[in-house]
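For reference, the structure is listed below as C-alpha cells.
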Amino acid sequence: ALFVMRDGSVRFANGAFRRSVRYGDALVALTGINEFPPQGGATLLTPAYGVVRPTSGVKMAMLAPLDAGTALDGRYRVTALVDPSAPFEVRAPMLGFGPAALRTARLPGQDDVVEISSSLDPPLGEIAAAVGGGPFLIANGAPVDDPHAPAPEERDRRFPVSGAAMTPDGVLLLFAVDGRSAAMSIGLTRAQFGALMLGFGATNGMAFDSGGSATLVARELGERRAGVLNAPSDGLERPVADGLFVYSDATPGTARTYALRPRTFAALAGAVVNLDGAVVDEAGNFARSIPGTVRAAREAGQHGQGFPVPGAAPGYVTYRTVARLATLAIAADVANPDAGSVVHFSAHGADLTGEPIETGGVVTWSADRGSISAGGAYRAAEGDATISAAAGGVRATYVLHVGRHEVPLALFAPPAASVWKFITAPRGWPGSVTLMMDAQELRLAYDFTGNERAAYAEANVVLPGAPLGIALDVYGDGSGGLLRVALVNGYGERRALTLAKAVDWLGWRRLALRLPADLNAPVTLSSLYILPAAGTSPHGRGWIAFRKIAVLQGGTR
3 ALFVMRDGSV
13 RFANGAFRRS
23 VRYGDALVAL
33 TGINEFPPQG
43 GATLLTPAYG
53 VVRPTSGVKM
63 AMLAPLDAGT
73 ALDGRYRVTA
83 LVDPSAPFEV
93 RAPMLGFGPA
103 ALRTARLPGQ
113 DDVVEISSSL
123 DPPLGEIAAA
133 VGGGPFLIAN
143 GAPVDDPHAP
153 APEERDRRFP
163 VSGAAMTPDG
173 VLLLFAVDGR
183 SAAMSIGLTR
193 AQFGALMLGF
203 GATNGMAFDS
213 GGSATLVARE
223 LGERRAGVLN
233 APSDGLERPV
243 ADGLFVYSDA
253 TPGTARTYAL
263 RPRTFAALAG
273 AVVNLDGAVV
283 DEAGNFARSI
293 PGTVRAAREA
303 GQHGQGFPVP
313 GAAPGYVTYR
323 TVARLATLAI
333 AADVANPDAG
343 SVVHFSAHGA
353 DLTGEPIETG
363 GVVTWSADRG
373 SISAGGAYRA
383 AEGDATISAA
393 AGGVRATYVL
403 HVGRHEVPLA
413 LFAPPAASVW
423 KFITAPRGWP
433 GSVTLMMDAQ
443 ELRLAYDFTG
453 NERAAYAEAN
463 VVLPGAPLGI
473 ALDVYGDGSG
483 GLLRVALVNG
493 YGERRALTLA
503 KAVDWLGWRR
513 LALRLPADLN
523 APVTLSSLYI
533 LPAAGTSPHG
543 RGWIAFRKIA
553 VLQGGTR
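Heads up: the sequence shown runs through residues 3 to 559, numbered per our numbering.
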C-alpha cells in the first residue's frame, strides 16, 4: 500500500494487521470480523452481522464487554456457549471457533474472561490515508520483483497502467500510461513501468490497479474544474472502489497571474497555436478565462511572446520555430465511416528527436475522392479514399476505409478444419467436435447433465487483417445455453464476447458480433463455446452447429 502519514510523509510498504483472542493459557488468532463460518482461526461477530445460519463443527461464545472500546479491543466475559445448529440473530458480540481454531486451543468456558487485542503496522493513529495496490516496482533506486505481486501471470504483458512513486527530495509522482490502442499507446509491462519511474528520478514506487481503471484526473493551472488527463482504455472513466485523491486546501485569494498553456512549444513557421489562458491567484485557483493565440514567427530559432492583461501579471510563452519536419502522421476521429459521414483529420509533426511540432493552419490537405476542407474535415464518398497532408517539406497519407464488407473464411472445410479440437471445463467430460465436410459445418456436442460447465470448439486461428466483427450461421437446439467466442489480441490478452445470450431458437440463424475497438490486431479466434442456460438444473445435453463464418472488414471490396 501507499501510506500517507499524518506528518505528511509517504511510505510504500506492506501493511500488517494482526488480531488475537487470549483466555487463560489459550491464544487464538482472530482471522475474521463479521465473517462466517470462521476460516483458520476465530471470528468475531457483532449485531451488524445479522442472522447466523446453521453450521456444523463450529462453536460460539456470547460475550459481554468489560472494558472494550469502540475499536473492539478489550476484555469481555463469556455469558453463554451456543451451538449454531439452528438459525439465530446476533444481538451481542460473539466469538466463533471453527475446526482449525478448536484444534489449537480449548473452547472458552462460561464466565471466562477473553481479551481481544490488535495491532497494525504502520499504526492506524499515524496514517492519514492509504491506498492498496501492487506490485512494488522500484525500491531504493533499483527495480524489484515483488514476491507478492497480484496476478503474477500478467508480469510481462502490456497494459494501461497507473501508479505512484517518490523522488529522493520527497516529491510524489502520479502516473497513468494509456494502452490497448495501437494508434496511441499499447501500454507497458511491469518492468517497463518501473523503468519509467526510474527515468523520472524516482527511488520508490508501486503500481495501482491498471487496465480500464488506469485514470489520472487533475485541475490544471488556470482550469475551473478537474478533467481527465489521459485516455482510459474503456473510452471513459471506469467506476472503481477507491483511488488516491489530492486536494488543495489553500484559501482563494486575489487574482495575480495570467497563466497560459502550453507555456513552451515548438512550431512550424507561421503555424497558429491556440493557448488556454486564465487569470489565477497564488494557489492556482481560477478567477477568469482569457484564451490566447500565437502565430509562430517565420524565422527559425527561439522566440517569446507576452500577453498583458488588466489587473494581473502578464502571461508569457516561449517557443521554437522550425522550417522543416522529420515526420508527419495523420489521425482521424472516425476510423471506419459510412459514405456521407464527416471525418475530422489532424496532422501531427515531429522533429528528429521525436519532439512534437505544432502544425496548425499550415497543413495542405487533399483527397483522391470525396471532399476535404482546408482544416481537414472530410466528407466520405462511396468507396475507400486516400487522404494526404503536406507540411514542413514532408508528405503523409492515410487510407480511409469507407463502409464494410464480409470476407468468408474456410475454417470448416479442409485443410483448415483440422485445427479444431474439443475441450470441456473441467477437462475430460462428454461431448465432441465433428466436422461435416460435405456441408462445411462444425457440430459441437455437449453434455451438461454432470459437472461439465462449458464445451469448447477450440481452433486458435489468426483472423485476416484488422477485423471489425465476426458473422456466422448457428444451428440452434433451443437449449437456452449461452454462446460465446474467445479471442486473443496482438498482445496476448484474452477476451470472451457473447454471440447469443440464449440459444433459444431451432434451426439456422445468422449471428453477427461487432468487435471492441481496443481488440488490437492481429486477432486470434481461440474458440467457440457454449455454457449451460442459467437457472436450469439439471442441465441437459445437445448439440449446436456452425457454418459460413466470415470476418467483417472495413472498406469496399
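Ideal placement from N, C-alpha and C gives every residue a C-beta, glycine not left out.
Coarse secondary structure for residue i, derived from DSSP in three states
{"i": "Ser481", "result": "coil"}
{"i": "Pro154", "result": "helix"}
{"i": "Ser11", "result": "coil"}
{"i": "Pro173", "result": "The question names Pro, but residue 173 is Val in the sequence shown. In the structure shown, Val173 sits in coil (DSSP, three-state: anything other than H, G, I, E or B)."}
{"i": "Ala391", "result": "strand"}
{"i": "Val282", "result": "strand"}
{"i": "Val396", "result": "strand"}
{"i": "Val274", "result": "strand"}
{"i": "Val404", "result": "coil"}
{"i": "Gln6", "result": "The question names Gln, yet the displayed sequence has Val at residue 6. If DSSP states are grouped into helix, strand and coil, Val6 belongs with the strands."}
{"i": "Val421", "result": "helix"}
{"i": "Pro410", "result": "strand"}
{"i": "Gln555", "result": "strand"}
{"i": "Phe548", "result": "strand"}
{"i": "Arg159", "result": "coil"}
{"i": "Thr500", "result": "strand"}
{"i": "Asp475", "result": "strand"}
C-beta atoms of residue i and residue j nearer than 8 Å
{"i": "Ala473", "j": "Arg486", "result": "no"}
{"i": "Gly351", "j": "Thr558", "result": "no"}
{"i": "Val345", "j": "Ala382", "result": "yes"}
{"i": "Met62", "j": "Pro86", "result": "yes"}
{"i": "Val476", "j": "Ile546", "result": "yes"}
{"i": "Gly560", "j": "Val275", "result": "This structure cannot speak to residue 560, because the chain is shown only from 3 to 559."}
{"i": "Ala552", "j": "Leu411", "result": "yes"}
{"i": "Pro466", "j": "Val401", "result": "no"}
{"i": "Ile140", "j": "Gly196", "result": "yes"}
{"i": "Tyr560", "j": "Gly471", "result": "Outside the shown range of the chain (3 to 559) lies residue 560, about which nothing can therefore be said."}
{"i": "Phe450", "j": "Met208", "result": "no"}
{"i": "Leu32", "j": "Gly43", "result": "yes"}
{"i": "Pro110", "j": "Leu46", "result": "no"}
{"i": "Arg263", "j": "Gly224", "result": "yes"}
{"i": "Tyr493", "j": "Arg159", "result": "yes"}
{"i": "Gly303", "j": "Tyr318", "result": "no"}
{"i": "Ala28", "j": "Ala82", "result": "no"}
{"i": "Ser348", "j": "Gly378", "result": "yes"}
{"i": "Val6", "j": "Ala166", "result": "no"}
{"i": "Leu277", "j": "Val248", "result": "no"}
Proximal residues to residue i (C-beta, below 6 Å), its chain only, five neighbours per side dropped
{"i": "Gly482", "result": "Ala504, Asp506 and Ala535"}
{"i": "Ser291", "result": "Ala280"}
{"i": "Pro39", "result": "Thr57, Val60 and Gly100"}
{"i": "Ser368", "result": "Ser390"}
{"i": "Ala252", "result": "Ala285"}
{"i": "Val219", "result": "Ala228 and Val230"}
{"i": "Gly189", "result": "Arg160, Phe161, Pro162 and Gly181"}
{"i": "Ala456", "result": "Ala427, Tyr531 and Leu533"}
{"i": "Arg265", "result": "Val319"}
Same chain only: Cβ atoms within 8 Å of residue i, ignoring 5 sequence neighbours per side
{"i": "Ala315", "result": "Arg258, Thr259 and Tyr260"}
{"i": "Ala216", "result": "Phe161, Pro162, Val163, Ser164, Ala178, Val179, Asp180, Gly181, Phe210, Asn232, Pro234 and Ser235"}
{"i": "Arg397", "result": "Leu330, Ser390 and Ala391"}
{"i": "Val53", "result": "Pro89, Phe90, Glu91 and Val92"}
{"i": "Met186", "result": "Asp180 and Ala233"}
{"i": "Met168", "result": "Val12, Phe14, Leu174, Leu175, Ala204, Thr205, Asn206 and Gly207"}
Whole-Å CB distance - residue i paired with residue j, under 8 Å assumed
{"i": "Val23", "j": "Leu97", "result": "6 Å"}
{"i": "Pro124", "j": "Gly136", "result": "About 17 Å separates the two Cβ atoms, so there is no contact after all."}
{"i": "Val133", "j": "Leu4", "result": "5 Å"}
{"i": "Val525", "j": "Asn491", "result": "6 Å"}
{"i": "Gly478", "j": "Gly509", "result": "7 Å"}
{"i": "Leu444", "j": "Ala459", "result": "6 Å"}
{"i": "Pro416", "j": "Met439", "result": "7 Å"}
{"i": "Val116", "j": "Val80", "result": "7 Å"}
{"i": "Phe19", "j": "Leu122", "result": "5 Å"}
{"i": "Ala488", "j": "Ser529", "result": "5 Å"}
Sequence-distant residues of the same chain with beta carbon closer than 7 Å to residue i, five excluded per side
{"i": "Arg226", "result": "Phe288"}
{"i": "Ala273", "result": "Ala298, Glu360, Thr361, Gly362, Gly363 and Val364"}
{"i": "Ala328", "result": "Ala352, Asp353 and Leu354"}
{"i": "Phe267", "result": "Val275, Tyr321 and Glu360"}
{"i": "Ala50", "result": "Asn36"}
{"i": "Val336", "result": "Ser343 and Val345"}
{"i": "Asn370", "result": "Before going further, note that residue 370 is Asp rather than Asn in the sequence given. Excluding sequence neighbours, Asp370 sits near Ala387 and Thr388."}
{"i": "Thr323", "result": "Ala269, Ala271, Ala298, Ala299, Glu301, Ala302, Gly303 and His305"}
Note down, one range per segment and in chain order, each beta strand (DSSP E) of at least 3 residues found wholly within the region 182–251.
-> 206–209
Contiguous alpha helix (DSSP H) assignments of at least 4 residues, all confined to the region 58–146 | 101–106
Whole runs of the beta strand (DSSP E) within the region 289–374, excluding any shorter than 3 residues | 294–297, 303–311, 314–324, 329–334, 344–352 and 366–369
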